[in-house]
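What follows is a short report on a single structure.
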Amino acid sequence: MMNRVMPDPGLPADSDAAALRHLLHDLLAEVVTQRAPEVAAWLSTGATDPIPADDRAIPYLQALNIRFQLSRIAEENDAMRQRRRIEAREGAENVPGSFAAAFAGLAQQGLDSAAIDAAVAKLAVVPTMTAHPTEAKRVTILEIHRRIYRRLVELETQRWTPREREALYTEIRCEIGLLWLTGELRLERPSLTDEINWGLQFFRNSLFDAVPQLYERFIDARTEFAPQSAASERPCLRFNTWIGGDRDGNPNVTAEVTRAAIDAGRLAALACHIEGVERAARRLSISCRIVPVPEANMAALAAVIVQSRSGTPHNQRNPNEIFRQALSAILARLIASRDGTATAYRGPHELVGDLNSVETALLAIGAGDLARAWIRPVRWRAEVFGFRTAALDLRQNSTIINAVLDEIWAAQGISARSGTPAGAAEIRRALADPELPQAQDSDLGPVAQDLLALLRLTRESGHDPESFGPFIVSMARSAEDILAVHLLARYAAGPCPGAPALIVAPLFETIADLRAGPEILEELLKNNAFRAGLREKRGHVEVMLGYSDSGKDGGFLCSTWELHRAQRRITATLAAHGFRPSFFHGRGGSASRGGAPTERAIAAQPAGTIGGALKLTEQGEVVSAKYANRGTALHNMELLTAAVLTHTAGTGPQGPVVHPDQDEALVALSGMSQAVWSRLVESPDFVRYFEEASPVGELSALKLGSRPARRHGAKTLADLRAIPWVFAWSQNRHMLTGWYGFGSAITSFLSVRGESGRLLLARMFSSNPLFRMVVDEIEKSLAQADMDVAAGYASLVTDRDLARTLFGMIREEYQLTCAAVLQITNQDVLAARFPMFREGFERNRVALDQLNRLQIDLLRHARQSERQTLSVPLLQSMNCIAAGLGWTG
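FYI, in my numbering the residues of the sequence shown are 76 to 964.
Here is the structure:
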């Protein structure tokens with residue numbers, strides 16, 4: 076048996092991380108030695124020799140990719156160990172981002188129990204899963220990662236004998252061997268069924284179990300640090316998903332696909348509840364002869380049993396065991412709900428009521444511990460996941476919506492057209508018409524038929540009234556874009572008494588749309604059809620904000636400021652009408668798509684704009700990183716909810732704090748940055764430079780997701796999706812989506828403001844959360860960029876004058892931005908303030924630089940070759956670089 080290096084609880088945390096990495100890398104070396112000895116020798120010497128630029132590169136790239144993946148698993152495991160170490164030695168209140176830290180902090184601020192209760196009562200946190208084409212890892216690979224992670228958790232205990240410990244090492248080595256033998260590349264683009272299953276696996280593997288643990292932590296922290304609080308027992312947490320509902324630019328998402336997604340979510344949730352009730356029924360063997368149950372509780376449990384109408388009386392199967400009888404009855408109704416038979420629950424509220432009856436009865440006989448252990452977790456899961464797992468949001472582009480409306484009008488002989496004053500008047504007239512005729516499918520084309528079929532589907536009652544989230548209108552540019560969906564719902568199904576109200580939410584995603592947002596909402600609030608849906612949202616108006624397209628439109632600084640300002644203005648507009656916003660943040664993994672650390676991103680939101688309600692997308696590789704393993708999922712949910720609680724309670728009744736001089740500075744910086752960004756992206760042949768100096772064209776061959784990289788197939792900047800846009804700029808190490816324009820803006824600002832401007836920027840950096848976050852994320856983007864590597868990609872541009880001009884602009888702005896960031900932060904080296912980030916990137920830099928050089932050679936060869944298919948090494952290089960950076964877009 077070999078001697079292995081494992082973390083020692085007595086060593087510093089960084090030694091822990093290093094030991095985990097070395098363990099996994101050593102096990103990888105053993106696998107590679109067996110499978111590709113020449114690669115093992117190359118790894119052992121530091122992987123510095125060039126990789127062959129042909130098919131011989133395949134095992135080298137495979138080894139590097141697995142090495143990057145194993146490092147990430149080690150870092151995730153180490154982060155969990157560090158949190159546990161802090162809690163054990165210093166207390167839960169010293170774990171950053173924990174509920175204990177949040178409640179302790181609020182108490183230290185002097186908030187009384189009433190203020191804390193008010194903040195908790197407002198909590199409505201909704202992580203939303205999306206399957207954007209940024210997740211480069213297959214489900215099979217993710218499952219192997221999860222098993223390796225679990226073996227590392229098992230290795231933490233000291234109870235193993237040397238032989239048992241070696242057996243765990245062997246298991247990990249076998250899993251690494253599977254990684255080597257399992258193809259990382261998808262041979263076919265994943266189907267929507269694949270993506271639906273991909274999303275549900277995170278619930279089955281971690282979230283169904285993690286949510287009750289989250290609520291336990293919340294209760295424990297509140298009890299210890301806010302004991303006078305009378306707040307509800309848990310925060311309001313729900314999950315939504317776009318997988319199977321997002322049809323913007325993806326013609327594969329049909330109404331039937333959406334129905335399949337709803338059914339899959341329903342079955343997953345019911346399977347979870349069935350398992351929980353079965354487990355409880357096996358354990359709760361309480362005899363009424365030993366412990367009498369109060370009469371009122373017996374009556375409630377008897378009512379639960381009667382409702383099941385099971386063929387065999389439950390009291391015959393479990394005589395004198397009323398709790399097992401009741402749980403057997405609940406189980407029978409859950410199975411009926413799964414199978415669609417007569418005794419099915421009418422909705423999750425009935426299941427929650429039955430579980431409450433069991434839980435209350437257990438408390439009545441002094442069996443509170445049993446209730447908390449076996450019934451309360453099942454009830455919590457029923458409350459959070461219902462009969463849906465995650466509510467399915469729908470999304471479609473305003474262009475498609477208006478085209479369908481025009482088609483219906485043409486078929487009905489109506490001359491008005493969308494986007495015109497006559498069209499706006501016709502929408503309002505039709506919505507007010509109680510006798511509005513339904514559209515006839517036979518008169519319409521397939522796109523219109525499918526959209527109407529989708530809207531009919533939303534009106535079906537189903538088994539869970541919360542099965543559907545909002546219908547999101549992307550590229551919403553007018554009130555009519557939103558009202559058109561309400562009208563289409565009327566054309567599709569007519570009035571639907573008793574059906575859930577249709578919630579339609581605008582998505583503002585360009586700079587112009589963000590600026591116009593308050594006026595659009597002002598107009599919407601005048602319409603009864605729109606306001607009807609708000610009644611079910613308890614006065615909340617959902618508004619989605621697009622980080623990706625606004626960044627592509629105006630650059631990182633301009634986008635960040637305009638998103639911030641839009642939230643302030645929208646909040647004020649809604650407040651004037653007695654409503655509150657529920658902002659839905661369309662964030663991604665990278666800084667340029669809103670991917671700053673959760674707690675800092677929430678802290679930087681304008682005061683008063685969250686109000687307890689926060690919904691945000693968890694996209695692509697972010698879902699895997701946050702939710703693949705239960706411990707990490709638990710931490711990320713706690714981090715998110717605690718940050719919302721802190722922001723909500725910390726705002727207080729005094730309202731937003733505004734610093735006019737800082738706002739003025741940000742307006743100026745944003746405008747200057749946008750001008751510089753626009754000069755670049757509006758340069759002649761900029762799209763050509765982008766396509767030739769990056770692998771964006773080759774990206775589609777990687778088969779990352781079911782959705783095309785472009786909305787309509789046109790080769791324009793506006794048509795290109797923001798996700799492959801960011802992916803490509805990260806692959807070629809320009810990283811310009813995360814920094815471009817900032818250096819020129821700061822330089823211009825200081826040239827005008829002089830010393831007073833410098834002092835103002837220093838104050839903003841130290842006290843303004845938004846500006847601090849901007850500088851932090853720009854600094855990290857700059858650290859990952861490399862102009863020498865980027866120059867290699869620029870050499871792929873066939874028009875050398877174009878390459879010299881545009882890359883010259885990019886390099887000059889990079890130098891200006893580096894100087895500006897170092898001046899503001901008063902540092903000499905980029906990312907010195909982020910030692911863990913810097914160390915992690917530097918550890919991968921040599922390999923990344925080599926991968927980039929190899930990719931440049933492979934791209935040049937592929938573009939000169941007459942082969943119709945791209946080489947495996949080129950596709951592998953994209954996966955490798957994404958793994959080395961830790962994100963794709």
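For each residue, glycine too, the CB sits at the ideal point set by N, CA and C.
Task: Same chain, Cβ closer than 7 Å to G727, five either side skipped, listed in chain order - done: As a first step, residue 727 must be located in the sequence shown, where it is residue number 652. Any reading at G727 needs caution, since the residue's pLDDT is 46, under 50, leaving its predicted position unreliable; the model's value is listed next. If you ignore the 5 residues before and after G727, its C-beta comes within less than 7 Å of no other C-beta in its own chain.
TODO: Kindly examine the ligand FMN and report whether one of its heavy atoms sits closer than 6 Å to the Cβ of L632.
DONE: The model depicted lacks the ligand FMN and carries no ligand whatsoever.
Open item on the list: On the criterion of 16 or more Cβ atoms from any shown chain inside 10 Å, does A211 qualify as buried, or is it exposed?
Closed with: The sequence position of residue 211 within the sequence shown is 136, counting from 1. Annotation note: pLDDT 49 at A211 (below 50); position unreliable, coordinate value reported separately. Burial is judged here by how many other beta carbons sit within 10 angstroms of a residue's own beta carbon; A211 has at least 16 and is buried.
TODO: State the Cα-Cα distance for the pair N169 and S188, rounded to the nearest angstrom.
DONE: Indexing the sequence shown from 1 puts residue 169 at position 94. Indexing the sequence shown from 1 puts residue 188 at position 113. One C-alpha to the other measures close to 21 Å.
Open item on the list: Just to confirm before moving on: does the CB-CB distance between M619 and A580 stay below 7 Å?
Closed with: Reading the sequence shown from its first residue, position 544 is the one you call residue 619. Reading the sequence shown from its first residue, position 505 is the one you call residue 580. Yes.
Task: Beta-carbon separation (whole angstroms), V467 vs F543, contact threshold 8 Å - done: Here the question's residue 467 lines up with position 392 in the sequence shown. Here the question's residue 543 lines up with position 468 in the sequence shown. The question names Val, but residue 467 in the sequence shown is Leu. At roughly 6 Å, the Cβ-Cβ gap stays under 8 Å, so L467 and F543 are in contact.
Task: S657 in three-state terms, based on DSSP - done: Counted from its first residue, the sequence shown places residue 657 at position 582. S657 sits in a strand when the DSSP states are folded into three classes.
TODO: Flag this pair as touching only if the stretch 217–231 and the stretch 241–252 have three or more C-beta atom pairs under 8 Å; answer yes or no.
DONE: Counting Cβ pairs under 8 Å, three or more are found: they touch.
Open item on the list: So, at 6 Å on beta carbons, what are the nonlocal neighbours of I251 in its own chain, with the 5 sequence-adjacent residues on each side left out?
Closed with: Here residue 251 refers to the residue found at position 176 of the sequence shown. Apart from the 5 residues on each side of it in sequence, I251 sits with its Cβ closer than 6 Å to the Cβ of L102, L103 and V106 in its chain, given in chain order.
TODO: Keeping to the same chain, check which residues put their C-beta closer than 8 Å to that of N272; ignore five residues upstream and five downstream.
DONE: Position 197 of the sequence shown, counted from the start, is the residue given in the question as residue 272. Result list for N272: V214 and A339, in chain order.
Open item on the list: Given this structure, state the Cα-to-Cα distance separating S769 from Q806, to the nearest angstrom.
Closed with: Translated into the one-based positions of the sequence shown, residue 769 becomes position 694. Translated into the one-based positions of the sequence shown, residue 806 becomes position 731. The straight-line gap from Cα to Cα measures roughly 7 Å.
Open item on the list: Going by DSSP, what residue range makes up the beta strand (DSSP E) through G544?
Closed with: The sequence position of residue 544 within the sequence shown is 469, counting from 1. Segment F543 to S549, the beta strand (DSSP E) holding G544.
- [ ] Please report how far the alpha carbon of D628 lies from the alpha carbon of D760, in whole angstroms.
- [x] Looking up residue 628 in the sequence shown gives position 553. Looking up residue 760 in the sequence shown gives position 685. Answer to the nearest angstrom: the Cα atoms are 17 Å apart.
TODO: Pull up the DSSP beta-bridge partners for E617, would you.
DONE: The residue labelled residue 617 in the question sits at position 542 within the sequence shown. Paired residues: S657.
Open item on the list: Can you check which of these residues, F846, E693 and W804, is closest to F817 by C-alpha distance?
Closed with: Taking the first residue of the sequence shown as position 1, residue 817 is located at position 742. Residue F846 is the option with its Cα nearest to F817.
Task: V427 to S842 span [Cα, whole Å] - done: Translated into positions along the sequence shown, residue 427 becomes position 352. Translated into positions along the sequence shown, residue 842 becomes position 767. V427 and S842 have their alpha carbons spaced roughly 46 Å apart.
Task: Residue environment, L562, which counts as buried when at least 16 other CB atoms sit within 10 Å - done: Your numbering for residue 562 matches position 487 in the sequence shown. Answer is buried; the Cβ neighbour count reaches 16.
Open item on the list: Excluding the 5 residues flanking L409 on each side, which residues of the same chain have their C-beta closer than 8 Å to its C-beta?
Closed with: Looking up residue 409 in the sequence shown gives position 334. Within the same chain, Cβ atoms closer than 8 Å to the Cβ of L409 are found at L345, H348, I349, V352, Y420 and L426, the five residues on either side in sequence being excluded.
TODO: Assuming R705 contacts S432 (C-beta within less than 8 Å), just tell me the rounded distance between them.
DONE: Within the sequence shown, the letter at position 630 stands for residue 705. Within the sequence shown, the letter at position 357 stands for residue 432. Contact between R705 and S432 does not hold, since their C-beta atoms are separated by about 29 Å, which reaches or exceeds 8 Å.
Task: contact_flag[the stretch 306–326, the stretch 186–201] where n(CB pairs < 8 Å) is 3 or more - done: At 8 Å Cβ cutoff, the stretches touch.
Open item on the list: Taking only three categories from DSSP, how would you classify L912?
Closed with: Within the sequence shown, residue 912 is the residue found at index 837, counting from 1. Checking the sequence shown, residue 912 turns out to be Phe, not Leu. Here F912 sits in helix by DSSP.
Open item on the list: The beta strand (DSSP E) that contains M204, what's its start and end?
Closed with: Along the sequence shown, one-based indexing puts residue 204 at 129. A199 to T205 is the span of the beta strand (DSSP E), which, as asked, contains M204.
Task: Buried versus exposed, by CB contacts within 10 Å (16 or more), E331 - done: Here the question's residue 331 lines up with position 256 in the sequence shown. Per the 10 Å Cβ criterion, exposed.
Task: Short Cβ contact (7 Å threshold) for A296 with F174 - done: For the purposes of this step, residue 296 is taken as residue 221 along the sequence shown, with counting starting at 1. For the purposes of this step, residue 174 is taken as residue 99 along the sequence shown, with counting starting at 1. In this structure, F174 lies closer than 7 Å to A296 by Cβ.
Open item on the list: Using CA atoms only, rank isn't needed, just tell me which of A568, R552 and E852 is closest to I595.
Closed with: Counting from 1 along the sequence shown, the entry for residue 595 is found at position 520. Answer by Cα proximity: R552.
- [ ] From the DSSP output, read off the bridge partner residues of T692.
- [x] Taking the sequence shown and counting its residues from 1, the one referred to as residue 692 is at position 617. DSSP links T692 through a beta bridge to T203.
- [ ] Would you mind listing the alpha helix (DSSP H) stretches within the stretch 322–393 that are 4+ residues and don't spill past its ends, in chain order?
- [x] Taking 4 residues as the minimum length, the alpha helix (DSSP H) runs contained wholly in the stretch 322–393 are 330–358, 370–383 and 389–392, in order along the chain.
Task: Any 3 or more C-beta pairs closer than 8 Å across the stretch 650–663 and the stretch 676–696 - done: The stretch 650–663, when compared against the stretch 676–696, does touch it at the 8 Å Cβ threshold.
Open item on the list: Residues in the same chain with beta-carbon distance under 8 Å from P540, minus the five sequence neighbours each way, listed in chain order, please.
Closed with: Here residue 540 refers to the residue found at position 465 when the sequence shown is read from its first residue. Here the set comprises G422 and P575.
- [ ] Mind the definition here: the stretch 136–154 touches the stretch 951–961 only if three or more C-beta pairs lie below 8 Å; say whether that holds.
- [x] With the cut-off at 8 Å, the stretch 136–154 and the stretch 951–961 touch.
TODO: Report the rounded CA-to-CA distance for F293 versus Q898, giving the unit in angstroms.
DONE: Here residue 293 refers to the residue found at position 218 when the sequence shown is read from its first residue. Here residue 898 refers to the residue found at position 823 when the sequence shown is read from its first residue. Spanning the two alpha carbons is a distance of roughly 42 Å.
Open item on the list: For R240 and R222, I'd like the C-alpha separation in whole angstroms.
Closed with: As a position in the sequence shown, residue 240 is number 165, starting the count at 1. As a position in the sequence shown, residue 222 is number 147, starting the count at 1. Going from the Cα of R240 to the Cα of R222 covers about 16 Å.
Open item on the list: With a threshold of 8 Å on Cβ separation, who are the neighbours of Q925 within its own chain once the five nearest residues in sequence on each side are excluded?
Closed with: As a first step, residue 925 is located in the sequence shown; it is residue number 850 there, counting from the start. So the list reads A122, T123, P125 and I126, once near-sequence residues are dropped.
Task: Nearest to A514 (by Cα), restricted to the options I489, A507 and E535 - done: Position 439 of the sequence shown holds residue 514. Nearest C-alpha to A514: I489.
TODO: Determine the DSSP secondary structure at F846, reduced to helix, strand or coil.
DONE: The residue given as residue 846 occupies position 771 in the sequence shown. If DSSP states are grouped into helix, strand and coil, F846 belongs with the helices.
Open item on the list: Taking 8 Å as the cut-off, does the stretch 182–196 touch the stretch 434–451 (at least 3 CB pairs, one atom from each stretch)?
Closed with: No, the stretch 434–451 does not touch the stretch 182–196.
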